[in-house]
């Protein structure tokens, strides 16, 4: 309601102009239209949004107004990956991501009733050495309100070891991190390295790793084929430009139409290898191709929808 402070923390996969849920995606235009509508209908007093996803800056850059009482930070800018960290040898998986680990450990280590949101942003920006942490929206809100107003009561249930937390934070500067889209490959590679030679498990992991590399190659090839076909339909060039550059997304409706068609006809947008290449589809829109041209190319290239066993 109109008296509520709202804190939203999102973490999952992302791509230019969208974030992915286990089922379905949320586009940048949809997000910003929704929260603007909430502001107009007085459904919150103030809101803070933290987004952990690849290319998460593209969800807010040039879209989030600075006058609707929302302050937001993102794990990365509009064109780069976010990074996983804290690989656990026992559980054989990554336990966190750099951006989230830093702000959460900061909330544990600091007196958040005396720390502003902007101060937490500066800490997160400093120690997230793998991507560019960004801030958007009402920056004054970030400078004048404390973290505790959005992350909960100042009374801590447990007493954190402040020296240990700060040691972990500093260790992130030296810790190996991996781009989010490569996490699945990195995990299988680590499990393979830890497996006993000539074991059934090792042979299975070798096959699994080979399949992941093959899937990534197939996806990249198919998306580039779509781009090439779309450009040929339009009698234009620019293939090298659209496959290598990360243009700023402004043609949101075109991009949403194309990505929804890819999801329907080609492959699941929840796949991180697919998400990593969607900037190419955004670029096609940005150079002036209409959505129906690219969708025609999708229909010609994707004669069957590919399914992956993960």
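In our numbering, the protein residues as written are -1 to 308.
No residue lacks a Cβ here, since even glycine has one placed at the ideal position from N, Cα and C.
Compute the beta-carbon to beta-carbon distance between residue i and residue j, rounded to the nearest angstrom, for a pair I have assumed lies under 8 Å.
| i | j | result |
| --- | --- | --- |
| residue 101 | residue 48 | 7 Å |
| residue 179 | residue 190 | The pair is not a contact, with the Cβ atoms about 19 Å apart (cut-off 8 Å). |
| residue 116 | residue 141 | 5 Å |
| residue 104 | residue 122 | 7 Å |
| residue 67 | residue 92 | Not a contact, Cβ separation roughly 35 Å. |
| residue 319 | residue 8 | Outside the modelled stretch of the chain, which goes from -1 to 308, sits residue 319, for which no answer is possible. |
| residue 64 | residue 136 | 5 Å |
| residue 73 | residue 106 | Contact doesn't hold; Cβ gap of about 18 Å is too wide. |
| residue 218 | residue 275 | 6 Å |
| residue 3 | residue 148 | 6 Å |
| residue 265 | residue 304 | 5 Å |
| residue 250 | residue 27 | 4 Å |
Using DSSP with H/G/I as helix, E/B as strand and the rest coil, what is residue i?
| i | result |
| --- | --- |
| residue 259 | helix |
| residue 140 | helix |
| residue 6 | strand |
| residue 24 | strand |
| residue 46 | strand |
| residue 134 | strand |
| residue 267 | coil |
| residue 145 | coil |
| residue -1 | coil |
| residue 287 | coil |
| residue 15 | coil |
| residue 276 | coil |
Using CA atoms only, rank isn't needed, just tell me which of the options is closest to residue i.
| i | options | result |
| --- | --- | --- |
| residue 280 | 262, 11, 245 and 65 | 245 |
| residue 277 | 300, 298, 252 and 290 | 252 |
| residue 283 | 254, 186 and 298 | 254 |
| residue 57 | 46, 196, 4 and 25 | 25 |
| residue 207 | 4, 302 and 188 | 188 |
| residue 248 | 286, 225, 226 and 268 | 286 |
| residue 132 | 60, 267 and 302 | 60 |
| residue 232 | 293, 263 and 267 | 293 |
| residue 45 | 83, 6 and 27 | 6 |
| residue 391 | 82, 112, 71 and 175 | In the structure displayed, the chain extends from -1 to 308; residue 391 sits before or after that span and is not available. |
| residue 1 | 41, 302 and 138 | 41 |
| residue 50 | 256, 81, 77 and 62 | 81 |
| residue 88 | 112, 192 and 209 | 192 |
| residue 261 | 39, 143, 221 and 118 | 221 |
| residue 224 | 108, 256 and 210 | 256 |
| residue 130 | 111, 97, -1 and 202 | 97 |
| residue 273 | 242, 291, 214 and 250 | 214 |
| residue 146 | 289, 39, 209 and 114 | 114 |
| residue 210 | 306, 62 and 110 | 306 |
Roughly how many angstroms separate the alpha carbons of residue i and residue j, rounded to a whole number?
| i | j | result |
| --- | --- | --- |
| residue 23 | residue 258 | 9 Å |
| residue 296 | residue 308 | 23 Å |
| residue 79 | residue 195 | 34 Å |
| residue 299 | residue 54 | 29 Å |
| residue 21 | residue 182 | 19 Å |
| residue 12 | residue 30 | 16 Å |
| residue 43 | residue 33 | 12 Å |
| residue 176 | residue 212 | 19 Å |
| residue 227 | residue 174 | 39 Å |
| residue 239 | residue 99 | 35 Å |
| residue 267 | residue 301 | 17 Å |
| residue 75 | residue 52 | 8 Å |
| residue 112 | residue 151 | 12 Å |
| residue 84 | residue 186 | 15 Å |
| residue 108 | residue 199 | 44 Å |
| residue 144 | residue 69 | 12 Å |
| residue 197 | residue 184 | 20 Å |
| residue 77 | residue 242 | 12 Å |
| residue 289 | residue 126 | 37 Å |
| residue 19 | residue 291 | 28 Å |
| residue 10 | residue 138 | 28 Å |
| residue 35 | residue 118 | 28 Å |
| residue 216 | residue 230 | 21 Å |
| residue -1 | residue 110 | 24 Å |
| residue 62 | residue 202 | 47 Å |
Contiguous beta strand (DSSP E) assignments of at least 3 residues, all confined to the region 59 to 124:
68 to 72, 81 to 86 and 91 to 95
Within the region 189 to 262, note down every full alpha helix (DSSP H) run reaching 4 residues or more, in order along the chain.
Inside the region 189 to 262, DSSP marks whole alpha helix (DSSP H) runs of 4 or more residues at positions 198 to 231 and 237 to 242, from first to last along the chain.
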